[in-house]
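The numbering used here puts the first residue of the sequence shown at 7, with every later residue one more than the last. Glycine residues also receive a C-beta, built at the ideal position from the N, C-alpha and C atoms.
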Amino acid sequence: MASPDSRRRRIAEIDEEIARLQAERQALADCLTFPVVTLPVEIVSQIFMYCLPDDPLAPGAFDPAVVLGQVCRLWRDIALSLPDLWSSWSLAVDGNIPFGRVVMGINLWMSRSQNRPLSIRLHHRDGAGNDVSYADECWWELVSDFEREVMPSIVPHHRRWKKLELNDPLTHLRDLAKVIPTDGLPHLTHLLLGSVQLDWGANNPDEDEPVTLFADAPQLQNLHLVLEEDGGLERFDHVELPYGQLTSFTGTSFGSCESLTLLDKAPSLVDCVFYIGSTEHMGIPISSDLPHLQSLKLFTTGPKVDLAIVLENLTLPALETLVLGRHQGRVENDLASLLLRSECAIQHFSCQSMDSDELVDCLEYMPTLMTLDLFDYDQREVVEVIRHLDFNLDKHGVELISNLQTIAIQCQKWDKGHEAEFSYNALIALLQAMSKRRTPLRHFRLVWTSSLLPRKPNAREVGNLKDLTKGGMNIYVGTPERSWI
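Listed below in structure tokens is the structure:
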């Protein structure tokens with residue numbers, strides 16, 4: 007058994023060893039040079055700014071300001087000194103968070119943003135943790151209480167509003183307009199109005215009063231309107247919007263005729279995107295001539311959408327990009343009429359699951375086409391398209407899409423059976439034919455986005471595809487993560 011003296015000596019030895027190891031660790035730490043520690047503050051600040059997404063209201067756009075400041079004291083000081091990090095924020099109604107805390111947070115972000123242009127989103131999650139329906143009156147009472155508390159912290163900065171996204175009933179928009187000074191919104195460039203509700207509450211004395219909040223916004227060029235399932239564009243007739251000065255528009259849950267009505271109101275549009283849900287409640291189609299529209303994207307969100315109604319009522323002489331979602335019936339005749347009537351030079355055409363015969367017929371009217379983008383195609387449909395394109399490349403002695411430079415296909419495989427395997431031979435034949443044209447194809451991309459995948463190309467097929475790449479064609483075949491070539 008060890009004596010007390012020997013134990014004390016052993017403890018002293020251990021203490022000395024610990025001290026030696028700590029000194030050694032500190033010496034190693036002192037000699038380490040982390041580049042980020044030695045960079046000037048100005049360069050670190052620029053790195054921080056590159057952490058911000060292009061869209062200041064994109065999901066996660068508000069993370070850098072908080073996350074970067076949690077790394078160390080130096081980074082926190084740098085983050086606090088950059089007002090651009092604090093100029094974007096999103097706020098959701100939540101009855102579980104005391105309104106006082108929300109107001110404190112708003113005031114903090116506003117002060118840190120200094121005088122920078124603001125990007126603000128005020129949205130209302132369904133129920134916000136309170137088990138109430140989005141359409142219930144008690145829900146809108148919660149929204150009213152919330153905005154009554156927070157808007158006094160936001161309104162004084164209205165001259166700095168650059169991007170604004172709101173989802174409010176007309177009652178709230180009118181109330182907001184009454185507290186905004188008469189100088190309007192001088193720097194507002196982007197506005198989203200989501201699902202404008204009719205005035206809730208009985209016997210509203212202001213139900214016919216127009217909302218003038220956005221009438222004086224001289225720089226507003228980008229507008230996004232979201233319609234309700236049970237209410238159309240007429241709800242926005244209560245809101246004065248400067249349609250004539252818009253250059254970009256996005257419409258969600260629109261009908262075909264509602265899309266035409268909106269286009270007629272905005273003759274200066276350069277690009278336009280619609281998510282069309284149905285053709286019900288059609289109304290009377292309005293014909294429009296939009297001399298500046300260069301990009302029209304008609305995505306569909308319903309199974310029975312007639313895009314022909316839109317195509318047959320438009321004249322678009324400047325059109326360069328056209329996107330067509332899945333549609334009911336065939337549209338090649340209406341599309342051909344649009345292109346001939348407009349005398350436009352289509353350079354980019356994209357379509358969703360268009361039949362191969364219909365696609366080839368449409369391409370005949372696009373001699374200037376440079377990019378063909380096919381999305382949401384079944385694997386068997388892709389094979390049919392490839393074979394039809396190969397067969398019709400020199401239809402009637404004239405080269406089809408003779409200026410085509412890029413083909414991109416997004417493919418899905420639903421059938422596990424062997425008979426549904428992909429035909430790489432058909433693909434190779436098409437690419438070989440397109441490599442020999444006066445203007446050869448330069449880029450080809452085929453990506454499977456489904457969990458089911460076809461067999462990968464064998465060695466011979468890979469060799470044939472690589473031979474094409476040696477001739478200057480850029481080929482990608484595989485999954486989003488990896489090419490098989």
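Nearest by alpha-carbon distance to residue i: which of the options is it?
| i | options | result |
| --- | --- | --- |
| Glu326 | Leu345, Asn319 and Val316 | Leu345 |
| Ser367 | Arg386, Val389, His333 and Ile407 | Looking at the sequence provided, one finds Asp at residue 367 rather than Ser. Comparing Cα-Cα distances from Asp367 to each of Arg386, Val389, His333 and Ile407, the minimum goes to Ile407. |
| Ser284 | Arg332, Asp295 and Glu246 | Arg332 |
| Ala314 | Arg386, Val337, Pro123 and Leu86 | Val337 |
| Leu191 | Gln353, Val389, His163 and Pro216 | His163 |
| Ile160 | Trp115, Cys144, Gly257 and Asp174 | Trp115 |
| Val50 | Ile24, Arg26, Arg82 and Glu30 | Arg82 |
| Thr412 | Ala351, Asp189, Pro460 and Ser441 | Ser441 |
| Glu147 | Pro216, Asp174 and Pro158 | Asp174 |
What three-state label does DSSP hand residue i in the structure shown?
| i | result |
| --- | --- |
| Trp167 | strand |
| Leu231 | strand |
| Ser9 | coil |
| Ile290 | coil |
| Asn339 | helix |
| Val311 | coil |
| Trp95 | strand |
Look at the alpha carbon of residue i and the alpha carbon of residue j, and state the distance between them as a whole number of angstroms.
| i | j | result |
| --- | --- | --- |
| Phe255 | Asp277 | 7 Å |
| Leu34 | Gln28 | 10 Å |
| Leu239 | Leu233 | 7 Å |
| Leu369 | Val468 | 29 Å |
| Leu74 | Ile84 | 9 Å |
| Phe381 | Ser150 | 43 Å |
| Ala183 | Asp69 | 31 Å |
| Asp214 | His244 | 8 Å |
| Leu437 | Leu45 | 50 Å |
| Asp21 | Asp36 | 22 Å |
| Gln120 | Pro89 | 6 Å |
| Thr485 | Ile415 | 11 Å |
| Gln52 | Ile481 | 36 Å |
| Ile17 | Gln32 | 22 Å |
Quick one, are the C-beta atoms of residue i and residue j less than 8 Å apart?
| i | j | result |
| --- | --- | --- |
| Asn409 | Thr374 | yes |
| Leu199 | Leu176 | no |
| Gln334 | Val316 | no |
| Leu170 | Ile126 | yes |
| Arg393 | Ala432 | yes |
| Phe54 | Leu91 | yes |
| Leu328 | Leu302 | yes |
| His483 | Leu471 | According to the sequence shown, residue 483 is Val rather than His. Contact: yes. |
| Leu197 | Leu226 | yes |
| Pro291 | Leu266 | yes |
| Pro123 | Arg154 | no |
| Leu252 | Ala272 | yes |
| Leu299 | Leu275 | yes |
Where does residue i land, buried or exposed, given buried means 16+ other C-beta within 10 angstroms?
| i | result |
| --- | --- |
| Gly477 | exposed |
| Ser259 | buried |
| Lys419 | buried |
| Tyr383 | buried |
| Ala578 | In this structure the chain extends from 7 to 491, so residue 578 is not present and cannot be described. |
| Ala223 | buried |
| Asn464 | exposed |
Please check if any C-beta of chain D sits within less than 8 Å of the C-beta of residue i.
| i | result |
| --- | --- |
| Arg448 | Here chain D cannot be found, since the structure has a single protein chain. |
Mind checking whether the beta-carbon of residue i lies closer than 7 Å to any heavy atom of the ligand COA?
| i | result |
| --- | --- |
| His193 | No copy of the ligand COA occurs in the structure displayed, which carries no ligand at all. |
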